[in-house]
Every structure is written in structure tokens, then in C-alpha cells.
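Student: So the protein lines, in turn, are chains A and B. Per my numbering, residue 1 is the first one in the first sequence, and the count goes up by one each step. Per my numbering, residue 1001 is the first one in the second sequence, and the count goes up by one each step. Can you keep this structure in mind? I'll have questions shortly.
Number of protein chains: 2
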Amino acid sequence: MNFCSNCGQKISFGKVPDDEKERFYCENCNIIHYQNPKIIVGTLPRWEDKILLCKRAIEPRKNLWTLPAGFLENNERIEDGAIRETTEEANAEIKIVRLFSVYSLPHVSQIYCIFLADLVNLNFHPGDESLEVELFKKEEIPWQKIAFNSIRFTLDKFVNATDLTDHEVHLGTWNKK
Amino acid sequence: MNFCSNCGQKISFGKVPDDEKERFYCENCNIIHYQNPKIIVGTLPRWEDKILLCKRAIEPRKNLWTLPAGFLENNERIEDGAIRETTEEANAEIKIVRLFSVYSLPHVSQIYCIFLADLVNLNFHPGDESLEVELFKKEEIPWQKIAFNSIRFTLDKFVNATDLTDHEVHLGTWNKK
Chain A
1 MNFCSNCGQK ISFGKVPDDE KERFYCENCN IIHYQNPKII VGTLPRWEDK
51 ILLCKRAIEP RKNLWTLPAG FLENNERIED GAIRETTEEA NAEIKIVRLF
101 SVYSLPHVSQ IYCIFLADLV NLNFHPGDES LEVELFKKEE IPWQKIAFNS
151 IRFTLDKFVN ATDLTDHEVH LGTWNKK
Chain B
1001 MNFCSNCGQK ISFGKVPDDE KERFYCENCN IIHYQNPKII VGTLPRWEDK
1051 ILLCKRAIEP RKNLWTLPAG FLENNERIED GAIRETTEEA NAEIKIVRLF
1101 SVYSLPHVSQ IYCIFLADLV NLNFHPGDES LEVELFKKEE IPWQKIAFNS
1151 IRFTLDKFVN ATDLTDHEVH LGTWNKK
């Protein structure tokens, strides 16, 4: 951030009143520009004893497998964002079951919220951001080709869950080494 | 948003490549300025059969009661943000139990994430943003003086929970009339 997005003048960074954190602020129009983490929403869609994964068609992590997920948009409910991303990336029709995992990536200021979901039918097919969309049994999950740590965490919790009717939300975090 | 925060030139708004949503973008330096929802994190701290509420010392909703909560900061894990806000607003020492409610406010692009927590001791006292911090039995909750719908939703789910050892995360939303 170099310029004030409100008035276009050079931005300042430092202490502002009643705040312990340093912020970007504008000395010209007196606006404080807060910066906060972004939410990534997605689903873990299941069908019988299988789950759905997407092979990424775009960078980063092109050609690796992931769950359908992406940035929550302004004016969107969290579960609606998860459904939208599942449609966009896998053209999969789903019914949300419950929130399954919340994974913090503090070094990039992202919070993943992944919902367990049931596929309504098998009419899924790749969206623009996916090369392939496939169902995998637990023992077929391509662990060496999973795109993101947040997704690996979620898949691991799913595979090792002893009771999926329990409502536990799995909290995880990754700290960059 | 009127100016590009990167180069300071006048900003444009409209269609960008490979995106269904219109965005702010800069024709000078080619940056797209995405805008996304913010996360508000907080806790529902309990002690025996009571819960802790804070009377707000600041606008909006000054003098009304709320749970300790505030914006998640960059580079912060979601549960660490909830603990920090509980310290800042109530000087309360807590231990997180689990995620309890996720409440979407699409009209203001906010997602509340409230964690059930246990108070570790009774040494709480108001922080700068609180006038009073008090414990309330369920039947003492000042329903007519609760600051926010998101907090009323969370308190209602807590009061009406038949089994708090269950792990259910309560999903809620509010649409502005």
C-alpha cells in the first residue's frame, strides 16, 4: 500500500489513536486503512464411501489435487460461498451437512472454512479452474499430490474420523518454517 | 475506493478477465483490488452456570451488552484472535473449548466466529472498550439490551442447548430488512 485509496495522496504507516497495532493511514483525509485476513470457503463432498477432489488447472499448484474452495465474496453468506465454489470448480450439486474444519494460515492471513457436504447426484464435471474432477475412496487419496496443507489437514481428519455423525469442527494451523 | 493504493492513479470498476464479478482495477499498473468479508472473532466465556458479558464503552451500541469480540488481525490464528479480544475487552483469562457459532452478516460483509470458552479465574475487569464486565445466569441475560444480532443468536443457541458436550457449530445469518 503506497497511496490512499480514498484521496490518492501518499500513505503513512504507524501508530494511530486507541490502537496497539500500527496501521496504514492518510494524513490528508484522516482515513485509517485496516487490513484483515481473508476467508477461503469450500466443501468436502462425499458420495457413498468416496470423496470428490479437483485437479487444479491454474497456478498456484497446477496439476495437484484439492477440494473445491476459493475466496468468500463480499455480501455472501459463508455457506453460500462454499456452495458457489463447488459449482464453479466441479459443477457439483451438493447439500451442506455441517462445518468440518477451520484452518488458519497466519503467514498469509488466510482462514480456510471447509464444509462437509453430500453430493446430490453424479453430474459433476470440471469447471474452468479444474482439469479433472474425480471421486476417490479413502485409500485412493493421492496424498503426495495434494495442493495445499489446509486441504491435506482436512482430508486427514476425514479419513481418521471414527464417527462422522459427531459434530466436531477440526481446528488447525500451519506456521511457515 | 477512488484511487489505486499501489500507484495512486484513478481507479476503474468493472469486468476483469476470468472473473464473473466486477472488481476495482487499475488501468495504469494492472492490479486488481479484491475486496472480501472480514472475520470478527470472540468468545462466550462461562463460569459454573454463568456467562460473561461486557457493556460497551464505545459506539456503535454504546451501553449495550455484548460478548468480547472484534476483528481478526493479519498474521493471527483464528483462536488467538478470540483470546486476544477477550483479554482486551474483559481482561478475562480463558481456555478455548471449541468453536460454537458462525454467523454471516452479508449486508456488511462480516462473518462472526464465536468460541465457547471456560474462564480460568474470576480476575476479569473492564478493558478500554468496556464500561462493565459481569457474569449472568441464563435467566438474567438482558435480552433487550444486547448490542448485536450475531451475539443475540449465539446467546440464544447457548441458552437453548440441550447438550453442551455436543460439538454442534451453530450457523446463522441475518439479512437486513
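Think of the CB as a built atom: it goes at the ideal place given N, C-alpha and C, for glycine as much as any other residue. Values in this document were obtained by computation on a predicted structure and should not be read as measured data.
(1) Against chain A, does residue 1035 (chain B) count as a neighbour if the rule is that its beta carbon must be under 8 Å from one of theirs?
(2) Quickly, what does DSSP pair residue 1170 (chain B) with across the bridge? List them, please.
(3) Please specify which runs of the beta strand (DSSP E), each continuous and at least 3 residues long, are wholly inside the stretch 21-82 of chain A, giving them in chain order.
(4) My understanding is that residue 74 (chain A) touches residue 1109 (chain B), with C-beta atoms under 8 Å, so please give their C-beta distance in whole angstroms.
(5) Excluding the 5 residues flanking residue 1070 (chain B) on each side, which residues of the same chain have their C-beta closer than 6 Å to its C-beta?
(6) In chain B, which residues lie less than 9 Å from residue 26 (chain A) when you measure between Cβ atoms?
(7) Between the stretch 1039-1055 of chain B and the stretch 1023-1030 of chain B, can you find at least three pairs of beta-carbon atoms closer than 8 Å?
(8) For residue 1058 (chain B), count neighbouring C-beta atoms within 10 Å of its own C-beta (all shown protein chains included) and say buried if the count is 16 or more, exposed if not.
(9) Would you please verify whether the beta carbon of residue 1079 (chain B) is less than 8 Å from any beta carbon of chain A?
(10) In the DSSP assignment, find the unbroken beta strand (DSSP E) run with residue 1115 (chain B) in it and report its ends.
(11) I want to verify the contact list: residues of chain A whose CB lies under 8 Å from the CB of residue 1002 (chain B), in sequence order.
(12) Tell me whether residue 3 (chain A) sits in a helix, a strand or coil according to DSSP, three-state version.
(13) For residue 46 (chain A), which residues of its own chain have a beta-carbon under 8 Å away from its beta-carbon, when the five flanking residues on both sides are left out?
(14) For residue 1157 (chain B), count neighbouring C-beta atoms within 10 Å of its own C-beta (all shown protein chains included) and say buried if the count is 16 or more, exposed if not.
(15) Look at residue 67 (chain A) and residue 154 (chain A) and say whether their C-beta atoms are less than 8 Å apart.
(16) Over what stretch of residues does the beta strand (DSSP E) that includes residue 1136 (chain B) continue unbroken?
(17) Using the beta-carbon of each residue, which ones in chain A are nearer than 7 Å to residue 1106 (chain B)?
(18) I'd like to check one pair, residue 1101 (chain B) with residue 78 (chain A): are the Cβ atoms closer than 8 Å?
(19) Quick one: which chain B residues come within Cβ less than 7 Å of residue 166 (chain A)?
(20) Is the separation between the beta-carbon of residue 1004 (chain B) and that of residue 13 (chain A) shorter than 8 Å?
(21) For residue 1173 (chain B), return the contacting residues in chain A, with the cut-off set at a CB-CB distance below 8 Å.
(22) Any C-beta of chain A within less than 8 Å: which residues of the stretch 1088-1106 of chain B qualify?
(23) Residues of chain B with a CB under 9 Å from the CB of residue 157 (chain A): which are they?
(24) Could you tell me how far apart the beta carbons of residue 131 (chain A) and residue 1171 (chain B) are, in whole angstroms, since I believe they sit closer than 8 Å?
(25) Given a cut-off of 8 Å, decide if residue 1133 (chain B) and residue 1054 (chain B) are closer than it, judged by their beta-carbon atoms.
(26) Residues of the stretch 1105-1128 of chain B with a CB closer than 8 Å to any CB of chain A: list them in chain order, please.
(27) Kindly indicate which residue of A:88, A:125, A:17 and A:65 has the alpha-carbon position closest to the one of residue 149 (chain A).
(28) Output, in sequence order along the chain, the residues in the stretch 51-74 of chain A whose CB is closer than 8 Å to any CB in chain B.
(29) Leaving out the 5 sequence neighbours to the left and right, which residues in its chain are closer than 6 Å to residue 112 (chain A) when beta-carbon positions are compared?
(30) Give a yes or no on whether 8 Å exceeds the smallest Cβ distance from residue 21 (chain A) to chain B.
(31) Taking 8 Å as the threshold (beta carbon to beta carbon), is residue 1032 (chain B) in contact with chain A?
Tutor: To lay it out plainly:
(1) Translated into positions along the second sequence, residue 1035 (chain B) becomes position 35. Chain A contact via Cβ: present.
(2) Taking the first residue of the second sequence as position 1, residue 1170 (chain B) is located at position 170. Answer is B:1101.
(3) 23-25, 38-47, 50-56 and 69-71
(4) Position 74 of the first sequence, counting from 1, holds the residue named residue 74 (chain A). Position 109 of the second sequence, counting from 1, holds the residue named residue 1109 (chain B). Correct: roughly 4 Å between the Cβ atoms.
(5) Taking the second sequence and counting its residues from 1, one reaches residue 1070 (chain B) at position 70. Once the five neighbours on either side are set aside, the close Cβ partners of residue 1070 (chain B) are 1085.
(6) To locate residue 26 (chain A), count along the first sequence from 1; it is residue 26. Simply none; closest approach about 10 Å.
(7) no
(8) Translated into the one-based positions of the second sequence, residue 1058 (chain B) becomes position 58. Exposed.
(9) Here residue 1079 (chain B) corresponds to residue number 79 of the second sequence, with the count starting at 1. By this cut-off, residue 1079 (chain B) is an interface position.
(10) Translated into the one-based positions of the second sequence, residue 1115 (chain B) becomes position 115. Per DSSP, residue 1115 (chain B) belongs to the beta strand (DSSP E) from 1110-1119.
(11) Along the second sequence, read from residue 1 onward, the residue named residue 1002 (chain B) stands at position 2. What residue 1002 (chain B) touches in chain A: 5, 6, 7 and 8.
(12) Position 3 of the first sequence holds residue 3 (chain A). It is a strand residue.
(13) The residue labelled residue 46 (chain A) in the question sits at position 46 within the first sequence. For residue 46 (chain A), where only same-chain residues beyond five positions count, the Cβ hits under 8 Å are 52, 116, 117, 118 and 119.
(14) As a position in the second sequence, residue 1157 (chain B) is number 157, starting the count at 1. That one is buried.
(15) For this step, residue 67 (chain A) is matched to residue 67 along the first sequence. For this step, residue 154 (chain A) is matched to residue 154 along the first sequence. For residue 67 (chain A) and residue 154 (chain A), yes; Cβs fall inside 8 Å.
(16) To locate residue 1136 (chain B), count along the second sequence from 1; it is residue 136. Per DSSP, residue 1136 (chain B) belongs to the beta strand (DSSP E) from 1130-1137.
(17) For this step, residue 1106 (chain B) is matched to residue 106 along the second sequence. Result: 75, 76 and 77.
(18) For the purposes of this step, residue 78 (chain A) is identified with residue 78 of the first sequence, where counting begins at 1. For the purposes of this step, residue 1101 (chain B) is identified with residue 101 of the second sequence, where counting begins at 1. For residue 78 (chain A) and residue 1101 (chain B), no; Cβs fall outside 8 Å.
(19) Position 166 of the first sequence, counted from the start, is the residue given in the question as residue 166 (chain A). Result: 1167.
(20) The residue given as residue 1004 (chain B) occupies position 4 in the second sequence. The residue given as residue 13 (chain A) occupies position 13 in the first sequence. Not a contact, by the Cβ cut-off of 8 Å.
(21) Residue numbering aside, residue 1173 (chain B) sits at position 173 when the second sequence is read from its first letter. In chain order: 77.
(22) 1098, 1099, 1102, 1104 and 1106
(23) Taking the first sequence and counting its residues from 1, one reaches residue 157 (chain A) at position 157. Simply none; closest approach about 13 Å.
(24) If you number the first sequence from 1, residue 131 (chain A) lands on position 131. If you number the second sequence from 1, residue 1171 (chain B) lands on position 171. Going by Cβ atoms, the distance from residue 131 (chain A) to residue 1171 (chain B) rounds to 32 Å, so no, they are not a contact pair.
(25) Position 54 of the second sequence, counted from the first residue, corresponds to residue 1054 (chain B). Position 133 of the second sequence, counted from the first residue, corresponds to residue 1133 (chain B). Yes. Within cutoff.
(26) 1106, 1107, 1109, 1111, 1113 and 1128
(27) Mapped onto the first sequence, residue 149 (chain A) falls at position 149. Cα-wise, what sits closest to residue 149 (chain A) is A:65.
(28) 71, 72, 73 and 74
(29) Stepping through the first sequence from its first residue, residue 112 (chain A) is reached at position 112. Contacts found: 40, 103 and 150.
(30) By one-based count along the first sequence, residue 21 (chain A) stands at place 21. Chain B, which has a Cβ nearer than 8 Å to the Cβ of residue 21 (chain A), makes this yes.
(31) Translated into the one-based positions of the second sequence, residue 1032 (chain B) becomes position 32. No, residue 1032 (chain B) does not count as interfacial toward chain A.
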